[in-house]
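Numbering (this note's numbering), first residue to last: -15 to 333.
Even for Gly, the Cβ is constructed at its ideal location relative to N, Cα and C.
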Ligand code: SF4
């Protein structure tokens, strides 16, 4: 009987997706490309990542170029991709590789995992794809395939350990990186969450869920907690064609990114009213509410924000604040949540 990995690799040789970070036929894989793409792909779709990946390679064609860039420039170019801690860690990691490792990535997952921003999955993906180490690579797509192949009744995330053990056993010594990418591609194009196309699946003969015709039952997931909604007011203070922005603290959510001064993002029943939000305004002014509410969803909560606007008679100096031309707001690399809040200003006109 042909092994699972052999069946999958035969299929992969014919159906592999063409992606900008993959090596063309006959070329060797560049670890920098694999690392950069894997960091960008964490919690983000291939479609969203592609343009960012290509832009980063033009700006910084090697890990040394990236390490030499100012971190604020990297954060600016990352804007819109979300999860900004990734960009800060990307820059830190480039610095470590360039300045302490002679520009060479470690080749083993056990060493890669020690670097900033590289977790279990990313270390395994880089080690197997870029360096041919036979280690289990498990992302969400692969969890789904394995849960279906073995009809795993334990819900995720508790099933992760068992799934990894299955993947370890299936991963071949030969072409482990192609095997990992084949699993990713199978999950993305054939073993989809809804209506998996089992007739086109190269490993249908070993699939317990396909035999039982209950594929969509897997993977079983533990019920999700409902996300709370936090509410806040953001402040748009303008002076002479410039707006006051805040440079957020380097650590924490959206760390180091530009944004609007805001009242605390608190779980509360309604958007704070004038007496409450005024305590958090960057200055005393005739604040006027704009129309509309900006809504944004983070991993653990929803955020609803109202914008209040005012004119300032002078260019105030405020801690962590800086003035930026209103006409160049789009070019500054606002995170999506603040870009949505900025749009309320247009509504209010
Ligand atoms: Fe997924 Fe169907 Fe293939 Fe099983 S046979 S792995 S359910 S596509």
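Proximity test, residue i beta-carbon vs the ligand SF4 heavy atom, cut-off 8 Å
i, result
"residue 166", "no"
"residue 100", "no"
"residue 180", "yes"
"residue 188", "yes"
"residue 170", "yes"
"residue 24", "no"
"residue 122", "no"
"residue 174", "yes"
"residue 241", "no"
"residue 199", "yes"
"residue 143", "no"
"residue 132", "yes"
"residue 278", "no"
"residue 77", "no"
"residue 129", "yes"
"residue 216", "no"
Check whether residue i and residue j have beta carbons under 9 Å apart
i, j, result
"residue 63", "residue 317", "yes"
"residue 113", "residue 164", "yes"
"residue 155", "residue 119", "yes"
"residue 110", "residue 104", "no"
"residue 251", "residue 289", "no"
"residue 23", "residue 116", "no"
"residue 322", "residue 211", "no"
"residue 247", "residue 264", "yes"
"residue 59", "residue 71", "yes"
Closest residue to residue i among the options (Cα-Cα distance)
i, options, result
"residue 242", "215, 196, 315 and 297", "315"
"residue 87", "68, 115 and 51", "51"
"residue 232", "34, 176 and 69", "69"
"residue 330", "275, 193, 81 and 307", "275"
"residue -13", "236, 190 and 173", "190"
"residue 48", "32, 76, 34 and 30", "76"
"residue 107", "271, 54 and 26", "26"
"residue 18", "295, 312 and 45", "45"
Per DSSP, the bridge partner or partners of residue i
i, result
"residue 286", "213 and 281"
"residue 250", "215"
"residue 231", "242"
"residue 309", "226"
"residue 5", "According to DSSP, residue 5 bridges with nothing at all."
heavy atom of the ligand ZN below 8 Å from residue i C-beta
i, result
"residue -9", "For the structure depicted, the ligand ZN is absent and the ligand set comprises only the ligand SF4."
Q. For the stretch 8 to 79, which segments carrying the alpha helix (DSSP H) assignment without a break, of at least 4 residues, lie completely within its bounds, in sequence order?
A. Taking 4 residues as the minimum length, the alpha helix (DSSP H) runs contained wholly in the stretch 8 to 79 are 15 to 25, 30 to 43, 47 to 52 and 55 to 62, in order along the chain.
Q) Taking the runs of the alpha helix (DSSP H) that are 4 residues or longer, which of them lie wholly in the stretch 120 to 206? A) Under the rule that a run must span 4 or more residues, the alpha helix (DSSP H) segments found entirely inside the stretch 120 to 206 read 124 to 133, 144 to 154, 160 to 173 and 192 to 196.
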